[in-house]
Amino acid sequence: MQEALLSFGPWFLTPADFLFSLSSLGPSRDTMLQALRFVTQGAGAKVDAAVRKSITTMLLSMLGHEEDATRMTSAGCLAEMCAFLTDEELSGILQNHLLADVSGIDWMVRHGRSLALSVAVNTAASRLCAPKYSNTVHEMIFSNTVADRIPIAVSGIRGMGFLMKHHIEANGGNLPPKLSNLFIKVRPQILAGNPKGLP
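Structure (structure tokens):
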């Protein structure tokens, strides 16, 4: 991982330097986050536990960033990390953030969480669709599809698509009845162009 970070340039001599720089970079921050996402895809399994914790802590703190692009790239990075976290780390992130109650939480944080969850269903489907999390993941994604903010609703619909893709591939083309029912409930809103569906 450190070798990969060095490829960004001589300024990033350690993972800590890289993370510190991310918190202070301006326009280039989103580019660096996108690069971090691709580094994670290729080397996520080799990341030291302490570095992994620092990265996930930083990404979680940016899920509610006021800049849309930063919020989206941070969510994508966190979703990629979900494939490489330990069971304990994944459980903490899901229960305390991505699947946590959103009552009273700022809509930008909700948006960041919904993005991370929908992408994580794609990048770490076998883990998020395991019996331990499956019901809660389905419920949260359905809740997102009928959110009062269009960006969150779009994330939910995207997540539902990834869920359906996973189950079709894993179960020989069959969807769990509960997921089929959820899709039937939200489908009229999508087709009608309701503000709570697609824009």
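Numbering that gives the first Met the number 0 puts the first residue of the sequence shown at 0, with every later residue one more than the last. Don't be surprised by glycine CBs; every beta carbon is placed ideally from N, CA and C.
Count the other C-beta atoms from every protein chain shown that fall within 10 angstroms of the C-beta of Pro176, then say buried if there are 16 or more, exposed otherwise.
-> Exposed, since its Cβ has fewer than 16 Cβ neighbours within 10 Å.
For the candidate residues Ala123, Asn95, Ile140, Thr135, whose alpha-carbon lies nearest to that of Pro113?
-> Checking the sequence, you will find Ser at residue 113 rather than Pro. Of the candidates Ala123, Asn95, Ile140, Thr135, the one whose C-alpha sits nearest the C-alpha of Ser113 is Ile140.
Taking DSSP as the reference, what is the three-state secondary structure of Asn193?
-> Low confidence applies to Asn193: its pLDDT is 47, below 50, so where it sits in the model is not reliable enough to give any reading.
Hey, could you find the ends of the alpha helix (DSSP H) Val108 is sitting in?
-> Counting along the chain, Val108 sits inside the alpha helix (DSSP H) bounded by residues 106-122.
Best match in Thr144, Val38, Gln40 for proximity to Ile183 [C-alpha to C-alpha] = Thr144
Terminal residues of the continuous alpha helix (DSSP H) containing Asn134?
-> 133-144
Could you tell me how far apart the beta carbons of Gly283 and Met80 are, in whole angstroms, since I believe they sit closer than 8 Å?
-> Look at the range of the chain in this structure, 0 to 198, and you will see that residue 283 is not part of it.
Out of curiosity, what's the CA-to-CA distance linking Glu87 and Thr56?
-> 15 Å
For Ala115 and Ala78, believed in contact at Cβ under 8 Å, the rounded distance | Yes, Ala78 and Ala115 are in contact; Cβ-Cβ is about 5 Å, under 8 Å.
How would you call Phe11, buried or exposed, if buried means at least 16 neighbouring beta carbons within 10 angstroms?
-> Here Phe11 scores only 48 on pLDDT, less than 50, and its place in the model should not be relied on; the value that follows carries that caveat. Buried, because 16 or more other Cβ atoms sit within 10 Å of the Cβ of Phe11.
Give the single residue among Leu59, Thr85, Cys76, Asn134 whose Cα lies nearest to the Cα of Met107.
-> The residue with the shortest Cα to Cα distance from Met107 is Leu59.
Taking the alpha carbon of Met127 as the point to measure from, which residue in Val101, Ile151, Gly91 has its own alpha carbon closest?
-> It should be noted that the sequence gives Leu, not Met, for residue 127. The shortest C-alpha separation from Leu127 is found at Gly91.
Burial state of Phe161, where buried means 16 or more other Cβ atoms lie within 10 Å | buried
If you draw a straight line from the C-alpha of Ile54 to the C-alpha of Asn173, how long is it?
-> 37 Å
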